[in-house]
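Undergrad: Residue numbers (this note's numbering): 174 to 364. Heads up, the beta-carbon is just placed ideally off N, CA and C, and yes, glycines get one too. This structure is in structure tokens; I'll ask about it shortly.
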Ligand code: HEM
């Protein structure tokens, strides 16, 4: 497998892991198990990497384990980008940006726990998660664009070519005016 193909697959892998981490985070929140593991990075702060995984601890721990896999995959993505994608600076920058975001998010996750789920921190945690997902999704699309089925590309081209219907003021390129309607012959009303 060539370096570019490895990079392409890594972007897809990372976007799926990010989605799974977000779902498991929502599960932690919805089930009220945010403090089932009261310490960070280990569950009870005793250096034991594998706590007794059941009940609320299982819910919280699964989110942390998935976040660990996500962070590792984004780290691999960054390394692959540096090795093989220096010729595509946009992809390289997005990969390194993703790495910065995921590290920030993991540290913030720890702070969320240490600060007993302070609302502002939980909201910033959610905001970074959605930004990271958006970035990884666009990166995966760009990196895999040439591999997309031709009918998907044709669909995207059509969508790009569509012009918005002008409402009030228009911006950007003026939309061509519709052709003049055919002149209607005036006929006086009878009677
Ligand atoms: C690194 C990738 C991570 C992502 C993408 C992520 C994402 C999320 C998301 C989307 C939520 C749900 C928030 C909501 O519904 O408002 C959440 C909740 C949570 N996350 Fe993370 N998270 C990550 C890492 C971590 C880590 C490493 C920890 C470590 C402790 C952590 C701790 C928590 C906690 C405690 C909650 C529940 C907050 C509450 O119950 O109020 N997260 N996470």
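Between which two residues does the alpha helix (DSSP H) harbouring residue 239 extend?
TA: On the chain shown, position 66 is the one that residue 239 refers to. That run of the alpha helix (DSSP H) goes 228 to 257.
Undergrad: To the nearest whole angstrom, what separates the beta carbons of residue 247 and residue 272, a pair I think is in contact under 8 Å?
TA: Along the chain shown, read from residue 1 onward, the residue named residue 247 stands at position 74. Along the chain shown, read from residue 1 onward, the residue named residue 272 stands at position 99. Confirmed, Cβ separation roughly 5 Å.
Undergrad: Could you tell me the alpha carbon to alpha carbon distance between residue 214 and residue 255, rounded to whole angstroms?
TA: As a position in the chain shown, residue 214 is number 41, starting the count at 1. As a position in the chain shown, residue 255 is number 82, starting the count at 1. Taking the straight line joining both Cα atoms gives about 28 Å.
Undergrad: Can you tell me whether residue 244 sits near the ligand HEM, meaning its C-beta is under 7 Å from at least one heavy atom of the ligand?
TA: On the chain shown, position 71 is the one that residue 244 refers to. Residue 244 Cβ: within cutoff of the ligand HEM.
Undergrad: Specify the secondary structure class of residue 335 as computed by DSSP and reduced to three states.
TA: Numbered from 1 along the chain shown, position 162 holds the residue referred to as residue 335. It is coil, neither helix nor strand.
Undergrad: Compute the distance between the beta-carbons of residue 311 and residue 295, then report whether it is under 8 Å.
TA: The residue given as residue 311 occupies position 138 in the chain shown. The residue given as residue 295 occupies position 122 in the chain shown. Not a contact, by the Cβ cut-off of 8 Å.
Undergrad: Taking the Cβ atom as the reference point for each residue, do residue 299 and residue 236 lie within a distance shorter than 8 Å?
TA: Numbered from 1 along the chain shown, position 126 holds the residue referred to as residue 299. Numbered from 1 along the chain shown, position 63 holds the residue referred to as residue 236. No, these two residues do not count as a Cβ contact at 8 Å.
Undergrad: Restricting to Cα atoms, I'd like to know which of 259, 183, 216 and 340 is closest to residue 282.
TA: Here residue 282 is taken as the residue at index 109 of the chain shown, counted from 1. Here the closest residue by C-alpha is 216.
Undergrad: Please return the same chain residues whose Cβ sits closer than 8 Å to the Cβ of residue 315, not counting the five positions on each side in sequence.
TA: Stepping through the chain shown from its first residue, residue 315 is reached at position 142. The answer, listed in chain order, is 263, 264 and 267.
Undergrad: Any idea what DSSP makes of residue 182, helix, strand or coil?
TA: Here the question's residue 182 lines up with position 9 in the chain shown. Looking at residue 182 - three-state DSSP - the assignment turns out to be helix.
Undergrad: With H, G and I counted as helix, E and B as strand and the rest as coil, what does DSSP make of residue 151?
TA: Lying before the first or after the last residue shown, residue 151 is absent from the chain, which here runs from 174 to 364.
Undergrad: Indicate the three-state DSSP secondary structure (helix, strand or coil) for residue 198 in the structure shown.
TA: For this step, residue 198 is matched to residue 25 along the chain shown. Looking at residue 198 - three-state DSSP - the assignment turns out to be helix.
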